[in-house]
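Working notes for the structure below.
Numbering (our numbering), first residue to last: 2 to 511.
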């Protein structure tokens, strides 16, 4: 909270900054929690002094574009900022967004807007990131006023924001970040559970509900444990008539070779209990069985050989018996021109401005050419030296994940055939889950699985909602999840009463 010595009235009465011979600087930062004189929620207020010239804005934008490895966020800084406060706010918000924590909107008060544009007000999210972004933003605006920063200054600024990003990435990881944002947008109180910080508590008192990632208070331990065991879940689905890949548990490379003879090639080889595709590999030749078994065994207690399901891969998110969102996962692709090799086409694709390392804030990772891609291309009768014909589309990797260079997701929620929609809902019900992500393969999601064939690869009991906020997708799936637990009109809050004596906070109670 601001000290009594410097409240909003003091800021309004402060003399205007002198322009001659001065530089813009951040005098101090006030951390205001809860509703306050500046906004209707927790904020960090940067108090600025010194000159600012709106004509410097293009240099500010150029500096931000150089600081962030993925460049200036599209559209975020396009409009010129007329005051120092607005300029620093905009740059700080862009830095926070690049770090994975875009600020939640706050409604400013008339008091805050009456201070002559000398306040930069940023919603308080991760405190270290918020304050660090304000400091770096003020320094960037001030430095741009003196001319374009040199490489040494840019390198130092990049190291600062990269360190802040690393610190903030450990806070509210994955789905928790989006759940909290959905709760805040709905006015629902939230906090990490002190004794178990991987849990979130939404709501208050007896109306509070705990979340473990996307597992809700309705998700039973039994259903979660069954779905987490790929072998057990597969058997339950197949015994109930759901089309799913055929599986065999294999004890060694010899057993894997035998499974290849029974199930056919290619085979998907994976640990029975690993997450995030850890240890998943593809077996195209029996001669490679030892390598494939070793990779899977290094990531789990048991190894499963699974028949390969042809077709396109989709992720279908089901919440409380309804399909909320579905998207196609295109694999890494290149398009031939009749002259360049696959390796050259990949290098060309990776040079595009929207591709780069995830840790640097790029939306799509570079296309990976590794041992799996080499085996996949060989299975297709190609190699990295192959020259595709003009217009020929070539998949370069069997895994469609963005980190391997998979293409932008394609939303298909409104195009799913009713039979496929019903199958996804039924698969989740068989396992007893209220929330789940189904990995589904079919040649055409718009046609019934009974007609063209399809199969469930696996059901994820705690699907990462971050996948639904990738480029190409526009849904608010976390909001749907929160609404399923806290329906509109039933978001109860506890009453809070504050007793204030005349000798302490009475002058500031209003």
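Yeah, the Cβ is synthetic: ideal placement off N, Cα and C, and Gly gets one too.
For the beta strand (DSSP E) containing residue i, list its first residue and its last residue.
i	result
residue 320	313-320
residue 440	436-443
residue 109	Neither: residue 109 is in no beta strand (DSSP E) and is coded neither H nor E.
residue 47	44-50
residue 326	323-329
residue 213	210-213
residue 283	282-284
residue 199	197-203
residue 30	26-33
residue 122	120-124
residue 82	From DSSP, residue 82 is part of no beta strand (DSSP E); its letter is neither H nor E.
residue 334	334-336
residue 404	Run containing residue 404: none; DSSP gives neither H nor E here.
residue 218	Run containing residue 218: none; DSSP gives neither H nor E here.
residue 172	Taken as a continuous stretch (DSSP letters only), residue 172 belongs to no beta strand (DSSP E), as it is neither H nor E.
residue 192	191-194
residue 396	394-396
Have a look at the DSSP bridge pairing and note the partners of residue i.
i	result
residue 558	Because the chain here runs from 2 to 511, residue 558 falls outside it and cannot be looked at.
residue 352	Answer is none; residue 352 lacks a bridge partner.
residue 40	109
residue 365	356
Does the distance from the CB of residue i to the CB of residue j come in under 8 Å?
i	j	result
residue 74	residue 95	yes
residue 283	residue 379	no
residue 241	residue 234	no
residue 89	residue 121	yes
residue 428	residue 439	yes
residue 313	residue 444	yes
residue 82	residue 55	yes
residue 215	residue 436	yes
residue 311	residue 398	no
residue 166	residue 100	yes
residue 272	residue 300	yes
residue 124	residue 142	no
residue 243	residue 457	yes
residue 466	residue 220	no
residue 254	residue 477	no
residue 512	residue 145	Residue 512 falls outside the range modelled here, since the chain spans only 2 to 511, and no answer is possible.
residue 306	residue 373	no
residue 369	residue 406	yes
residue 175	residue 189	no
residue 118	residue 86	yes
residue 339	residue 390	yes
residue 258	residue 287	yes
residue 41	residue 147	no
residue 392	residue 337	yes
Please classify residue i: is it buried, with 16 or more other beta-carbons within 10 angstroms of its beta-carbon, or exposed?
i	result
residue 223	exposed
residue 22	Any reading at residue 22 needs caution, since the residue's pLDDT is 46, under 50, leaving its predicted position unreliable; the model's value is listed next. Exposed.
residue 158	buried
residue 149	exposed
residue 217	buried
residue 569	For the chain, the structure presents residues 2 to 511; residue 569 sits outside this window and is missing.
residue 384	exposed
residue 250	exposed
residue 355	exposed
residue 319	buried
residue 67	buried
residue 481	buried
residue 442	buried
residue 79	exposed
residue 131	buried
residue 16	Any reading at residue 16 is ruled out, since the residue's pLDDT is 44, under 50, leaving its predicted position unreliable.
residue 302	exposed
The alpha helix (DSSP H) with residue i in it runs from where to where?
i	result
residue 419	419-432
residue 456	That residue, residue 456, is in no alpha helix (DSSP H); its beta strand (DSSP E) goes 456-461.
residue 481	478-486
residue 357	Segment: none, residue 357 is in no alpha helix (DSSP H) and carries neither H nor E.
residue 180	176-186
residue 136	128-146
Three or more beta-carbon pairs under 8 Å between the stretch 338-350 and the stretch 451-467, yes or no? no
Within the chosen definition, does the stretch 289-297 reach the stretch 355-362 through at least 3 CB pairs nearer than 8 Å? no
Touch check for the stretch 170-177 and the stretch 59-66: three-plus C-beta pairs under 8 Å? no
Closer than 8 Å is the cut-off here; do at least three beta carbon pairs connect the stretch 394-414 with the stretch 190-207? no
Can you confirm whether the stretch 27-45 touches the stretch 133-151 when touching is taken to mean that 3 or more C-beta pairs between the two stretches lie within less than 8 Å? yes
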